[in-house]
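The letter at position 138 of the sequence shown is residue 139 when you use this note's numbering, and the numbering goes up by one with no holes.
Positions of the beta carbon are idealized from the N, C-alpha and C atoms, including for glycine.
Inspection log for the structure reproduced underneath, given as structure tokens.
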Amino acid sequence: MGFTPLAGTRAPVRVWTDPYAIEAQAAKQLRNIGALPWVQGVAVMPDVHFGKGATVGSVIAMRQAVSPAAVGVDIGCGMSAVRTSLTAADLPDDLGGLRSAIEATIPVGFTQRQDQVDTRRVRGLEQAGWDDFWGRFAGLDRRVAQLETRARRQLGTLGGGNHFIEVCLEQGGADEGRVWLMLHSGSRNIGKELAERHISVARGLPHNADLPDRDLAVFLAGTPEMDAYRRDLWWAQEYARRNRAVMLALLCGVVREHFPHVSYDESISCHHNYVSEESYDGVEVLVTRKGAIRAGRGDLGIIPGSMGTGSYIVRGRGNPDAYCSASHGAGRRMSRAQAKRTFSTDDLAAQTAGVECRKDAGVVDEIPGAYKDITEVMAQQEDLVEVVAHLKQVVCVKG
2 MGFTPLAGTR APVRVWTDPY AIEAQAAKQL RNIGALPWVQ GVAVMPDVHF GKGATVGSVI
62 AMRQAVSPAA VGVDIGCGMS AVRTSLTAAD LPDDLGGLRS AIEATIPVGF TQRQDQVDTR
122 RVRGLEQAGW DDFWGRFAGL DRRVAQLETR ARRQLGTLGG GNHFIEVCLE QGGADEGRVW
182 LMLHSGSRNI GKELAERHIS VARGLPHNAD LPDRDLAVFL AGTPEMDAYR RDLWWAQEYA
242 RRNRAVMLAL LCGVVREHFP HVSYDESISC HHNYVSEESY DGVEVLVTRK GAIRAGRGDL
302 GIIPGSMGTG SYIVRGRGNP DAYCSASHGA GRRMSRAQAK RTFSTDDLAA QTAGVECRKD
362 AGVVDEIPGA YKDITEVMAQ QEDLVEVVAH LKQVVCVKG
């Protein structure tokens with residue numbers, strides 16, 4: 002499809018959807034971002050929608066600065082997936098037992114474990130670096146010092162909202178019916194606590210006094226505030242990655258108990274709320290992706306739809322106009338409150354027919370109808386990624 006420039010901005014804002022279809026609040030956010038003096042450029046993904054602080058589905062390249070709100074409060078939130086040797090023919094007709102086993106092994110919602118996961122006993126989990134990782138907790142913002150026990154107990158837990166664990170079947174092609182395991186989660190409460198503390202600090206800095214939106218407050222390179230944020234940011238991003246790795250290993254263990262002959266390919270993992278140091282046209286920039294994945298040439302990524310539609314495994318095309326990025330999913334087309342007003346549990350049951358999942362009032366806000374059409378979103382970013390596999394879930398676990 003290619004991009005369309007968003008008019009009326011100082012820095013280039015390139016949009017991979019119809020600019021006139023972007024909700025007014027989100028368009029205003031994007032123009033505010035494009036007006037910031039530190040911004041090199043902005044790429045707007047086709048799943049774009051209004052977000053707290055900064056637009057979801059925005060990729061922002063800044064010179065010598067970073068806005069913590071442009072990362073989001075769930076630092077390091079992202080996806081992991083692995084293809085199994087199983088096929089649809091291996092699965093039982095009733096998948097309720099498999100779903101229950103997953104829910105019994107991986108806590109969901111606000112639940113934390115009674116004791117932290119013994120990572121040394123998790124089969125298939127990378128063992129390197131755990132002592133160093135936890136050793137760095139003492140160096141984080143002193144205001145989260147009392148949260149270490151909670152952070153340890155929440156490792157290997159899913160969370161709520163739009164986070165999920167799925168068993169999927171590949172659609173079409175030579176591997177039709179191949180079983181995949183997939184999950185979506187982030188840095189749990191500790192990432193949120195760190196993000197909110199740094200966003201608060203940024204708002205109070207003098208150079209942010211006259212911004213068009215105080216939520217877009219930035220840290221500047223070479224300052225102690227920037228150094229402190231980046232220290233905590235890198236740690237939280239690693240926590241999110243390790244959290245997903247623990248859950249994926251536990252999920253593989255659950256499936257192995259049901260299907261002892263199963264084997265697994267190499268897993269895929271990608272953040273979609275994070276910061277990365279990158280270079281474009283010879284300019285060193287800090288790239289924030291909030292609701293976007295890196296899609297450098299050859300990079301494998303995951304773009305999910307909703308709990309009743311499909312998902313995609315993709316390979317990046319390395320498009321520099323988009324700062325080598327792609328969408329992180331379908332993107333919401335209505336708020337959670339609006340979804341609850343619009344849809345009923347009967348609607349949820351109808352829209353998730355054929356999927357073993359919750360169908361109660363507690364997840365109506367996650368109904369497929371609250372999200373954009375994932376096939377449309379994919380069509381709008383054909384110059385950003387190529388599809389490797391199209392998946393359809395048959396089990397979906399939500400918090």
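Check: CB contact flag (K29, Q172, <9 Å); Outcome: no
Check: Whether R114 touches T158 by CB criterion (9 Å); Outcome: yes
Check: Residues near G355 in its chain [Cβ-Cβ closer than 8 Å; skip 5 each side]; Outcome: V395
Check: Euclidean distance between Cα positions of E149 and T10; Outcome: 43 Å
Check: Alpha helix (DSSP H) segment containing C253, residue limits; Outcome: 225 to 259
Check: Of the listed residues V118, E197, Q381, I76, nearest to V45 (C-alpha basis); Outcome: Q381
Check: Proximity below 9 Å, CB of G332 to CB of D48; Outcome: yes
Check: R124 - DSSP class collapsed to helix/strand/coil; Outcome: coil
Check: Assigned secondary structure, E278 (DSSP; H/G/I helix, E/B strand, else coil); Outcome: strand
Check: Beta strand (DSSP E) segments (min. 3 residues) lying fully within the region 316 to 386; Outcome: 326 to 328
Check: R295 (DSSP reduced to helix, strand or coil); Outcome: strand
Check: 8 Å contact criterion, which L234 and I76 should meet: CB distance rounded; Outcome: 6 Å
Check: Beta-carbon spacing of R144, R232 below 9 Å; Outcome: no
Check: Contacting residues, own chain, Cβ-Cβ under 8 Å from A196 (five flanking each side not counted); Outcome: P69, V72, G73, V74, D75, I76, A237
Check: Distance CB(S264)-CB(L249) smaller than 9 Å; Outcome: no
Check: Rounded C-alpha distance that separates Q128 from D116; Outcome: 19 Å
Check: Reduced DSSP secondary structure (H/G/I, E/B, other) of Q115; Outcome: coil
Check: Cβ-Cβ distance between R290 and H273 below 9 Å; Outcome: yes
Check: Candidates A390, L385, I368: closest to H164 by CA position; Outcome: I368
Check: Span separating the alpha-carbon of A296 from that of L182; Outcome: 21 Å
Check: E267 (DSSP reduced to helix, strand or coil); Outcome: coil
Check: Rounded C-alpha distance that separates A36 from M335; Outcome: 27 Å
Check: Runs of beta strand (DSSP E) lying entirely within the region 31 to 118, each at least 3 residues, in chain order; Outcome: 40 to 50, 57 to 63, 79 to 88
Check: Segments assigned alpha helix (DSSP H), at least 4 residues, entirely inside the region 166 to 206; Outcome: 189 to 204
Check: Close Cβ partners of T18 (< 6 Å) along its chain, the five nearest in sequence each way excluded; Outcome: P47, Q381
Check: Separation of S280 from D322, as counted between CA atoms; Outcome: 12 Å
Check: Close Cβ partners of Q65 (< 7 Å) along its chain, the five nearest in sequence each way excluded; Outcome: W39, L221, A222
Check: Through-space distance from C325 to F4, alpha-carbon basis; Outcome: 13 Å
Check: Host beta strand (DSSP E) of G136 (start-end); Outcome: No beta strand (DSSP E) contains G136, which is instead part of the alpha helix (DSSP H) from 131 to 136.
Check: Residue environment, V418, which counts as buried when at least 16 other CB atoms sit within 10 Å; Outcome: Residue 418 is absent from the model: the chain starts at 2 and stops at 400.
Check: Simplified DSSP assignment, three categories, for H272; Outcome: strand
Check: Alpha-carbon to alpha-carbon, V57 and S101; Outcome: 32 Å
Check: Helix, strand or coil at T5 [DSSP, three-state]; Outcome: strand
Check: Supposed close pair V286, M63 - CB separation, criterion 8 Å; Outcome: 6 Å
Check: Helix, strand or coil at G311 [DSSP, three-state]; Outcome: strand
Check: G363 versus P207: straight-line alpha-carbon distance, rounded; Outcome: 43 Å
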